[in-house]
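The sequence shown begins at 827 in our numbering and counts up by one.
All C-beta atoms in this analysis are idealised placements derived from N, C-alpha and C, irrespective of residue type, glycine included.
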Amino acid sequence: MSGPEALRFAANLYRLPAPGGYFLVDAGLPWEAKRLLRQLPGPPKLLFLTHHHLDHSGGARALWERFGIPVLAHPREWPYLTGERPRPPLPVPLLGGWLANLAPPLPKEALRPVAEGDEVLGWRVVALPGHTLGQVGLLREGVLIAGDALRGRGLPPRWINEDHEAARGTLRKILELGVERVYLGHGGPLGREEVEALARRLGV
Ligand SMILES: [Zn+2]
Ligand SMILES: [Zn+2]
């Protein structure tokens, strides 16, 4: 079976093969949605959100409106996705809170819960808490779609992680999952040796 196909937007989005089609991991910024919709070969089976940040979930509402597909996310992310709770501000003076919350809210009826151990079209859901508390990834045959659990060749900076210690623990967990290749929201993908080197460098 073929592997993940990266779509380069503000964040990397992924098309994952599924029986009879594909599904999408993450949805980009709200203002990227038109470009994303043009690039898709047809309706995805579903949208899987790794976490609530604007660059990953901002296009979710547009996808749901166009295709009526379920949007899968960990329940800890739901209040931000539905607008019930504001997303934490981005590090921009005065405008940070406004910028972080430009995504049109998703109605609750669009959302389906996912959690550690669930199966999504042949992939296993893995909890990757730290960057956000409800971040989730997908694992299959040594391939991990990891959202922002890692960024480039490091961890995301401390100021953007909801729980930085948990993010360090998640790096350890990724190694213990026996992954061979890690696909990231920004940069990457990384091979196992690179993740091992990172863990050594950070002392986790
Ligand atoms: Zn993020
Ligand atoms: Zn991101």
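Residue 904 counts as buried, since at least 16 other C-beta atoms from the protein chains shown sit within 10 angstroms of its C-beta.
Here residue 1006 has 968 and 1018 as same chain residues with Cβ atoms under 6 Å from its own Cβ, once five neighbours each way along the sequence are excluded. Taking a C-beta distance under 8 Å as the contact criterion, residue 885 and residue 914 do not qualify as a contact pair. Contact between residue 971 and residue 897 fails: their C-beta atoms lie close to 16 Å from each other, not under 8 Å.
Cβ-Cβ distances below 7 Å link residue 854 to 835, 836, 837, 839, 862, 881, 884 and 885 in the same chain, with the five nearest sequence neighbours on each side left out; the list follows chain order.
Within the region 956–1024, the runs of beta strand (DSSP E) at least 3 residues long that lie entirely inside it are, in chain order, 962–966, 969–971 and 1007–1009. For the pair residue 930 and residue 975, the Cα-to-Cα distance works out to about 25 Å. Scanning its chain for C-beta atoms nearer than 6 Å, with the 5 sequence neighbours on each side dropped, one finds around residue 906 the residues 878 and 913, in chain order. Here residue 903 carries a helix assignment [DSSP, helix/strand/coil]. With 6 Å as the limit between CB and the heavy atoms of ligand 2, the residues that fall short of it are 837, 879, 881, 882, 974, 1011 and 1012.
Contact between the region 945–956 and the region 986–1004 is present: 3 or more CB-CB pairs across the two stretches fall below 8 Å.
Not one heavy atom of ligand 1 falls within 7 Å of the beta-carbon of residue 900. A residue is called buried when at least 16 other Cβ atoms come within 10 angstroms of its Cβ; residue 943 does not meet this threshold and is exposed. Rounded to the nearest whole angstrom, the C-alpha separation of residue 1026 and residue 866 is 39 Å. DSSP places residue 945 within a strand segment (E or B) once states are collapsed to three.
It is roughly 21 Å from the alpha-carbon of residue 830 to the alpha-carbon of residue 890.
Per DSSP, reduced to three states, the secondary structure at residue 847 is strand. For residue 874, the three-state secondary structure derived from DSSP is strand. For residue 910, no alpha helix (DSSP H) encloses it, and the DSSP letter there is neither H nor E.
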